[in-house]
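Visitor:
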DNA sequence: ATGAAATTATACTAATGGTCTAAAAGGTGA
DNA sequence: TCACCTTTTAGACCATTAGTATAATTTCAT
């Protein structure tokens with residue numbers, strides 16, 4: 001019943017809007033959706049998983065609307081960019097998602113913070129590209145800086161206490177910031193005054209630090225999730241990797257060998273996709289650390 | 001033993017730096033400081049109170065160093081402003097306080113969020129004034145906007161994922177932002193393009209919304225704190241106000257009458273100062289809501 | 001109708017922030 | 001030294017929370 005899952009998501013969304021993420025307990029969601037705890041944890045492995053889906057919905061909706069806005073339009077039209085930016089701000093504002101976004105910067109929950117980092121990174125890249133669309137190719141070498149600064153300004157000036165009084169539309173607000181960007185963009189290009197190295201940024205997401213704890217957690221939860229379906233030898237593989245990784249100095253080459261055969265073993269299973277993600281991270285961890 | 005309190009604060013600070021605020025439990029602090037739970041709650045009425053003191057220390061230290069930097073110096077020297085701004089960023093970075101600051105924007109804990117809002121507000125006001133020092137009087141009408149935007153840019157560009165690679169000093173970073181502000185300030189003045197109404201902002205802090213819950217908490221904790229010293233009739237006053245406020249529709253005029261006599265009663269007590277704060281808030285709440 | 005999957009109710013665990021208490025330790029003035 | 005007062009301690013205790021576990025029941029496709 002995807003219906004039921006939707007029901008849960010709607011209930012959760014509703015509560016998050018009303019009381020905020022941290023002040024909404026799983027129990028609250030369960031009560032609101034009139035389902036049982038078991039059902040909730042059948043759909044989501046944690047409260048964070050649940051909020052991730054809500055964030056993901058918001059992201060998709062934003063992307064869709066943004067795309068629609070550009071159909072048959074001039075990509076260099078500044079007003080459209082302003083609208084595109086505003087859309088995201090409005091969606092996040094209306095759904096009370098900002099606090100989650102901000103608050104999680106610090107949280108070290110692997111899944112959620114990973115998701116949010118990626119999201120933010122994509123937003124910066126998107127905005128940088130659009131700025132080039134609007135302000136011309138010569139903008140390229142400073143577009144990432146501008147994107148980052150712009151998002152910072154928007155976020156800050158949106159705080160209720162700075163505005164509060166004036167009733168001002170999101171478009172006006174973004175427009176205001178856009179004029180600021182416009183007036184600083186030339187001097188940046190002229191003086192070649194840029195902080196962010198585009199090349200470095202390009203590969204940024206791949207370079208997110210992968211911690212041992214993160215990988216261990218991922219692997220453990222994978223094991224947990226498919227405990228029943230796993231065959232004996234597959235389980236042994238996982239167990240071994242867990243043990244070896246937990247050592248102070250995992251033996252790199254042994255690990256590599258085991259993971260190699262391990263990945264092969266799973267090629268045709270239903271959980272193959274999820275597994276490749278995990279193993280990819282194990283690989284990266286090994287490469288980076290040892 | 002103020003010594004012991006210091007010990008606790010140092011332990012807490014240490015743990016916050018290492019694991020962050022949310023991931024440090026009161027128990028952790030207690031263990032680290034080698035004191036008992038009772039002692040901790042003797043000094044701080046809550047975990048938040050504890051972190052507030054740490055934040056306050058950081059604030060004071062920042063203010064002090066900033067003042068020192070300006071002694072016998074030209075207030076219009078841009079480099080000094082850059083250093084002054086950097087000081088705060090460095091202190092907050094080193095003590096891992098940023099996450100607290102950011103995360104609490106959403107928290108509705110009265111004390112902590114109140115403190116942080118006030119702090120942030122003071123920072124904006126300070127920076128706006130200093131920008132006028134540096135860029136001249138004609139900057140005044142856009143200085144608040146610039147201050148807000150500047151803080152937003154700094155905060156955003158500090159994120160580890162945007163920089164990460166380059167080793168860059170805080171001063172360079174702030175200098176970079178300062179050049180951006182410099183290049184947008186003129187057009188703002190010329191076009192009179194400003195969002196923040198200075199007058200409104202001036203009174204901002206007084207206008208922070210006062211919730212019923214907040215006032216109730218404040219009153220309860222006051223009662224708790226002075227339970228032994230309070231006389232019977234004083235206690236009755238407090239009890240009554242608590243009860244009445246808890247009703248769906250408190251009777252405004254009765255409350256006013258009681259609070260009036262209540263305030264008089266305490267005129268000469270040792271806790272008079274704290275009480276006036278509480279009653280002032282009760283007044284405001286009544287005025288605003290009923 | 002049957003058997004598998006989804007769902008329920010509910011009990012449970014572990015961690016957390018915070019309260020409370022009775023006893024011990026420490027310091028101070030007489 | 002004694003009496004008295006404050007601080008400190010250890011630990012029991014409470015409520016809330018995320019998340020697990022399980023046995024019973026409902027749903028639903030074949």
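Residue numbers (the UniProt record's numbering), protein chains in the order written: chain A, 1 to 290; chain B, 1 to 290. Just so you know, even glycine gets a beta-carbon here, dropped at the ideal spot from N, CA and C. All of these numbers come straight from a predicted model, not from anything done at the bench.
1. Which whole-angstrom value is the C-beta distance of residue 17 (chain B) and residue 88 (chain B), which I expect to be below 8 angstroms?
2. For a contact defined as C-beta to C-beta under 7 angstroms, what are the partners of residue 115 (chain A) on chain B?
3. Counting only Cβ-Cβ distances shorter than 7 angstroms, please list the residues of the region 132-153 of chain B near chain A, keeping chain order.
4. Counting only Cβ pairs nearer than 7 angstroms, list the residues of chain A close to residue 183 (chain B).
5. Starting from the C-beta of residue 62 (chain A), find all residues in its chain whose C-beta is less than 7 angstroms away, skip the five residues before and the five after it, and write them out in chain order.
6. So, with DSSP's three-state summary, where would you put residue 137 (chain B)?
7. Please identify, using Cβ separations under 8 angstroms, the residues of the region 231-247 of chain B that lie next to chain A, in order along the chain.
8. Name the chain A residues that come within less than 9 angstroms of residue 155 (chain B), Cβ to Cβ?
9. Taking Cβ positions, are residue 97 (chain B) and residue 55 (chain B) nearer each other than 8 angstroms?
10. When you compare the CB positions of residue 218 (chain A) and residue 278 (chain A), do they come within less than 8 angstroms of one another, or not?
11. Determine the burial state of residue 75 (chain A): buried for a count of at least 16 other Cβ atoms within 10 Å of its Cβ, exposed for fewer.
12. Evaluate the contact criterion for the region 134-144 of chain B versus the region 115-133 of chain A: three or more CB pairs, one atom per stretch, below 8 angstroms.
13. Helix or strand or just coil, what does DSSP make of residue 279 (chain A)?
14. Nearest chain B C-beta to residue 64 (chain A) closer than 8 angstroms, yes or no?
15. Distance, Cα to Cα, residue 3 (chain A) vs residue 33 (chain A)?
16. Among A:170, A:282 and A:15, which one has its Cα closest to the Cα of residue 50 (chain A)?
17. What are the boundary residues of the alpha helix (DSSP H) that includes residue 43 (chain B)?
18. Report yes or no: is there a C-beta of chain A within less than 8 angstroms of the C-beta of residue 97 (chain B)?
19. Using the Cα positions of residue 195 (chain B) and residue 64 (chain B), report the straight-line distance between them to the nearest angstrom.
20. Establish whether the CB of residue 180 (chain A) and some CB of chain B are separated by less than 8 angstroms.
21. Please look up how many angstroms separate the CB atoms of residue 242 (chain A) and residue 220 (chain A), rounded, as I've assumed it's under 8 angstroms.
22. Could you name the residues of the same chain whose beta carbon sits closer than 7 angstroms to that of residue 66 (chain A), not counting the 5 residues immediately before and after it, in chain order?
23. Quick one: measure Cβ to Cβ for residue 149 (chain B) and residue 157 (chain A), integer angstroms, because I've assumed they're closer than 8 angstroms.
24. Taking 8 angstroms as the CB-CB cut-off, is residue 15 (chain B) touching chain A?
25. Measure the C-alpha to C-alpha separation of residue 27 (chain B) and residue 120 (chain B) and round it to an integer number of angstroms.
26. Using a Cβ-Cβ distance cut-off of 8 angstroms, determine whether residue 28 (chain A) contacts chain B.
27. When the Cα atoms are used, what is the spatial distance from residue 188 (chain B) to residue 153 (chain A)?
28. Whose Cβ in chain B lies nearer than 7 angstroms to the Cβ of residue 70 (chain A)?
29. For residue 145 (chain A), count the other beta carbons within 10 Å of its own beta carbon; 16 or more makes it buried, fewer makes it exposed. Which is it?
30. Can the beta-carbon of residue 184 (chain B) be found closer than 8 angstroms to that of residue 183 (chain A)?
31. Give me the residue from A:29, A:70, A:59 and A:71 with the minimum Cα distance to residue 118 (chain A).
32. Between which two residues does the alpha helix (DSSP H) holding residue 191 (chain A) run?
33. Would you report the Cα separation of residue 176 (chain A) and residue 79 (chain A), rounded to the nearest angstrom?
34. Which of the residues in the region 79-96 of chain B, read from start to end, lie with their CB under 7 angstroms from any CB of chain A?
35. Compare the C-alpha of residue 179 (chain B) against each of B:57, B:82, B:19 and B:285 and name the closest.
Guide: So, from the listed chains and residues:
1. Their Cβ separation, rounded to whole angstroms, is 17 angstroms, which puts residue 17 (chain B) and residue 88 (chain B) out of contact at 8 angstroms.
2. Those within 7 angstroms of residue 115 (chain A) in chain B number zero; the least Cβ separation is about 14 angstroms.
3. 148, 149, 151, 152 and 153
4. 183, 184 and 187
5. 87, 88 and 91
6. helix
7. none
8. 152, 155 and 156
9. yes
10. In this structure, residue 218 (chain A) sits near residue 278 (chain A), with a CB-CB distance shorter than 8 angstroms.
11. exposed
12. no
13. helix
14. Output row for residue 64 (chain A): interface = no.
15. Going from the Cα of residue 3 (chain A) to the Cα of residue 33 (chain A) covers about 12 angstroms.
16. Looking from the CA of residue 50 (chain A), the closest CA among A:170, A:282 and A:15 belongs to A:15.
17. 37-43
18. So no, residue 97 (chain B) is outside the interface.
19. 31 angstroms
20. Yes - at least one Cβ of chain B is within 8 angstroms of the one on residue 180 (chain A).
21. Going by Cβ atoms, the distance from residue 242 (chain A) to residue 220 (chain A) rounds to 7 angstroms, so yes, they are a contact pair.
22. Same-chain partners within the cutoff: 84 and 87.
23. Right, their Cβ atoms sit about 7 angstroms apart.
24. no
25. Rounded to whole angstroms, residue 27 (chain B) to residue 120 (chain B) spans 30 angstroms at the Cα level.
26. no
27. 15 angstroms
28. Within 7 angstroms Cβ-Cβ: nothing; residue 70 (chain A) doesn't reach chain B, min ~25 angstroms.
29. buried
30. yes
31. The residue with the shortest Cα to Cα distance from residue 118 (chain A) is A:59.
32. 170-191
33. 12 angstroms
34. none
35. B:82
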